[in-house]
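If you read the sequence shown in this note's numbering, its first letter stands for residue 153, the second for the next number, and so on.
Structure first, then comments.
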Amino acid sequence: FLALKTMIELQMIEENSRNQKIFSCIFCCEFKEFSKVSMDVDGNTQINEFYKMVAFKHKLENGTFQISYLTENIEKILIEDCTDTISYFLSDNNKTYEFFIKSKDGSYPLKTKKTTDAVEKNGKAKSDQFGSLYNSSNSLKSDTGFVGLINQAMTCYLNSLLQTLFMTPEFRNALYKCNYEGLIANSVANIPFQLQKLFLQLETSHKRAVETTELTKSFGWDSNEAWQQHDVQELCRVLFDALEESLKGTEQKDLIKELYQGELEDYVKCQKCDHKNLRKDFYLDISVDMKPFGSDKSYESLEEALKAFVKPEVLNGNNQYYCEHCKSKQDAHKGLKFVSFPYLLTIQLKRFTFNFKTLQRMKIHDRMTFPFQLDLSELLKSTEEDNFDLKKKEEINDLSMKSSLKENETLNGCQAKENEKVNGFQAEVNEKSFNHLNNEISDSQFLCEKERLNHIQIEDTCSKNELTYELFSVLIHSGSTLGGHYYAYIKSFKNKKWYCFNDQYVSEISESEIEKSYGGDNKHGGYYSSSSNAYMLMYRKIDKKNKTFMKKQDWPVYLRKLCSSLHSDINKVDAEKFFCKIKLYGFHPINGNKVEALLEVFKDETLKNVTEKAWKILNFHEYLPLCQCRLIKYDDNFNSIVMSFDEQETSMVKLLGGFSKIFSFDLLLEWRKESEQFQVYEPGGVTLKVYVDDKLGDFFEEPFLLYVSSNSTIGELKNIISLRRGCEFSKLVVYKEHRGFLLLDNPEKTLKMESFYKYDMIFVTDTFTEDYKTSSFYKKLEEFT
153 FLALKTMIEL QMIEENSRNQ KIFSCIFCCE FKEFSKVSMD VDGNTQINEF YKMVAFKHKL
213 ENGTFQISYL TENIEKILIE DCTDTISYFL SDNNKTYEFF IKSKDGSYPL KTKKTTDAVE
273 KNGKAKSDQF GSLYNSSNSL KSDTGFVGLI NQAMTCYLNS LLQTLFMTPE FRNALYKCNY
333 EGLIANSVAN IPFQLQKLFL QLETSHKRAV ETTELTKSFG WDSNEAWQQH DVQELCRVLF
393 DALEESLKGT EQKDLIKELY QGELEDYVKC QKCDHKNLRK DFYLDISVDM KPFGSDKSYE
453 SLEEALKAFV KPEVLNGNNQ YYCEHCKSKQ DAHKGLKFVS FPYLLTIQLK RFTFNFKTLQ
513 RMKIHDRMTF PFQLDLSELL KSTEEDNFDL KKKEEINDLS MKSSLKENET LNGCQAKENE
573 KVNGFQAEVN EKSFNHLNNE ISDSQFLCEK ERLNHIQIED TCSKNELTYE LFSVLIHSGS
633 TLGGHYYAYI KSFKNKKWYC FNDQYVSEIS ESEIEKSYGG DNKHGGYYSS SSNAYMLMYR
693 KIDKKNKTFM KKQDWPVYLR KLCSSLHSDI NKVDAEKFFC KIKLYGFHPI NGNKVEALLE
753 VFKDETLKNV TEKAWKILNF HEYLPLCQCR LIKYDDNFNS IVMSFDEQET SMVKLLGGFS
813 KIFSFDLLLE WRKESEQFQV YEPGGVTLKV YVDDKLGDFF EEPFLLYVSS NSTIGELKNI
873 ISLRRGCEFS KLVVYKEHRG FLLLDNPEKT LKMESFYKYD MIFVTDTFTE DYKTSSFYKK
933 LEEFT
């Protein structure tokens, strides 16, 4: 039956996937401070809604940017108010499409007003189901003392797992004991070594967050795979398999088994002869259903779901079991039985399932509680009733009654001690209240006392039950089946406090926040609806042998060397981040030739200082005073002006929109005559290369660059050129590739209406009165070509 159910489910999923087009999209931004992100988009999404989704995901103000994409090596712009669907523009939903977020009319995209401080305060970006963007200005380490991990756009699930492993003393200590000193040459593909380096950064870095790119490269993931969400269990296998391989032949060769491996029995028991057919199996995690198959009601608690996990299936009727011992088909019980539990227990809640009614994958948002302390002793007992005869049952009952009386005496004694401890604790709280009689005690103080009492109970449990586990990590998914964000609530074994690890943000939270992740929010509101609930739990066995983190003074020598070398490399990279190199151009003041140089710009330098530096590098100081020069944003590919800068005291990092190794623009050192004033170049204008007709010869004068607004009319353009040259021109011709020389004879049309682009060539004259096509000026233009 289970095999048939699985086959039907897979067929349904395949059929549904064929009918529903989902496009994988990666979004790149030409501005450094906006992170590269990705998301899946329904093919029926309209372009105007698509813009809203992108604005929401990038935390941008809608209407301040435009989106383009490449098709057949041609860049096309998506119109913001278009109502066509994504499927109209994209065809193949089996490939990943790359979109570009670009400036609109040359203006810088505006971020939403929500500050990163608010995000930090809440511990997670509650309004953003997709993830968080890294803000380079927020580079200081969190007040919690913990370091975050930068999201590579779709690696928040990875970050949650890595932080959990880092906060596990037994795992971190074991990793630190691995000596990879002689394997540096092959370190790029060595997963444990890269993980060790990452853990050292998490423990010693002074930054708010560190990168995981070197670790993901060691997985063998290319840049495209980093944008895809992998299965957490699969990721665990990759890490654990690599660790086991690297630990072969060492004292820690059985580390993963000792920490994470438990044992199961898969059995079938004949109800007639009690014969059992057993098969032993090992597990690293337990996946429990949220609800019974075919039921609409979910299990109320983790304990109930675990009991259902080991509840046997009855094989009867047409589904009877053939018993080798009876040599016939018999009723039987088939199920799983726990033989042992690991030291570190991982439990996955199967919130993602398939809806056979709608034939779609769905996420179960229903509430399921889970305890801070989990008693697993009952699950090791047999889940089946043994067939004793009546006499044996009576003997057992007698023994049970005697045992129960004795147990009650013991429990009463324990309860008295427990009451004494709790009463003592309450007396301590009352004494504090008396000493602070004139001060108001806040709710948070009461909450701290409540959590402290919980820790006392955990310590007391350690001596009572050998199979009690303590919750220390809750991995949370926020979103739906189409996409979402992952973060983790993790308890520090050092100070017993809970923290929210949300990519680069780390903040302290109360235990009440954990309870909010039980689920129960089943509301759906379109693209931006979010339901945050636990999907994976990590427990550690409460044991007197529980480890604490290795202290820095106890680090092996090779680990200290690695840490020192790592910080040396990081400091070198950080130093390089304080400056960038950008192409600088200028037109020589004497001969007019274009000159160029590479300009080193430091992050905190002002525009005024950099202008002086450029003035000297291009040797313009030999011909012009500094006050007659300025730097402007320039695009050498189109020989076009982008915009001018006004604020001389503004830092270059702000003017350039962040620092990068490669810029999509250049800088031009522009100069003016002493009697002239600099023109203000507004974003979104057009740069024209103007050729003036030499009336005395068969050639044109040396061209000059002219920057005008794309909203200027042809008539206004004539006046601007005439003022610039000191004489009137009646005829304007623009050269368009594939269209030739076009006469601009309508003075009311704007440059935008005439399809002027970033850079165009303009030819001006006042010599001909005859037909344009038969004029001598037209002949001169053709010869010029």
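Even glycine gets a Cβ: it sits at the ideal position worked out from N, Cα and C.
Annotation: the segment 878-925 contains no complete segment of the alpha helix (DSSP H) (minimum length 4 residues).
Going by DSSP, residue 778 is part of no beta strand (DSSP E) at all; its letter is neither H nor E. Annotation note: the segment 413-488 contains the following uninterrupted beta strand (DSSP E) runs of length 3 or greater, listed N- to C-terminal: 414-422, 428-435, 438-441, 465-467, 473-475, 480-482. Per DSSP, reduced to three states, the secondary structure at residue 299 is coil, with no helix or strand assignment. With a beta-carbon spacing of about 7 Å, residue 672 and residue 517 fall inside the 8 Å limit used to define contacts. Under the three-state reduction of DSSP output, residue 366 falls in the helix class. Using a Cβ distance threshold of 8 Å, residue 662 and residue 685 do not count as a contacting pair. Contact annotation: residue 793 and residue 839 have beta-carbon atoms nearer than 8 Å. Spatial neighbours of residue 888 in its own chain (CB-CB distance under 7 Å, excluding positions within 5 residues in sequence) are listed in chain order as 894. Taking a contact as a CB-CB distance under 8 Å, the pair residue 499 and residue 619 does not count as one, their CB atoms being some 15 Å apart. For residue 846, the CB contacts under 8 Å within the same chain, skipping 5 residues up- and downstream, are 852, 853 in chain order. Distances from the alpha-carbon of residue 218 to those of 472, 741, 625, 262 put 262 closest.
Nearest C-alpha to residue 249 among 221, 314, 922: 221. Here residue 760 is near residue 801, since their CB atoms are less than 8 Å apart. Close CB contacts of residue 750 within its chain, under the 8 Å cut and outside five residues either way in sequence, are with 733, 734, 735, 736 (chain order). Considering only 701, 514, 297, the residue with the shortest C-alpha distance to residue 683 is 514. In summary, residue 510 is exposed, with fewer than 16 beta-carbon neighbours lying within 10 Å of its beta-carbon over all protein chains present. Residue pairing by DSSP places residue 795 opposite 785 in a beta bridge. A distance below 7 Å between beta-carbons, with the five flanking residues on each side excluded, links residue 764 to the following residues of its chain, in chain order: 778. Taken in chain order, the whole alpha helix (DSSP H) runs of length 4 or more contained in the segment 194-220 are 199-210.
The bridge partners DSSP lists for residue 250 are 178.
Here the alpha carbon of residue 902 sits roughly 16 Å from the alpha carbon of residue 883.
Considering only 822, 325, 504, the residue with the shortest C-alpha distance to residue 699 is 325. Around the beta carbon of residue 809, 16 or more other beta carbons lie within 10 angstroms, which makes this residue buried. The three-state secondary structure of residue 525, taken from DSSP, is strand. Under the DSSP assignment, residue 325 falls outside any beta strand (DSSP E), being part of the alpha helix (DSSP H) whose first and last residues are 321-328.
Fewer than three beta-carbon pairs drawn from the segment 340-352 and the segment 642-662 are found closer than 8 Å, and the two stretches are therefore not classed as touching.
Put simply, the segment 401-421 touches the segment 483-502. At least three CB pairs are less than 8 Å apart. In this structure, 691 is the residue among 201, 474, 691, 803 with its C-alpha nearest to the C-alpha of residue 436. Residue 738 is bridged by DSSP to 747, 821. Annotated three-state conformation of residue 845 is strand, per DSSP.
The residues 639, 669, 684, 686, in chain order, have a CB closer than 6 Å to that of residue 628 in the same chain once the five nearest residues on each side in sequence are set aside.
The alpha carbon of residue 238 has as its nearest neighbour, out of 711, 512, 176, 770, the alpha carbon of 176. A check of alpha carbon separations from residue 501 across 444, 438, 460, 512 identifies 438 as the nearest. Per DSSP, residue 315 is one residue of the alpha helix (DSSP H) stretching across 308-318. Nearest to residue 712 by C-alpha distance, out of 174, 349, 240, is 349.
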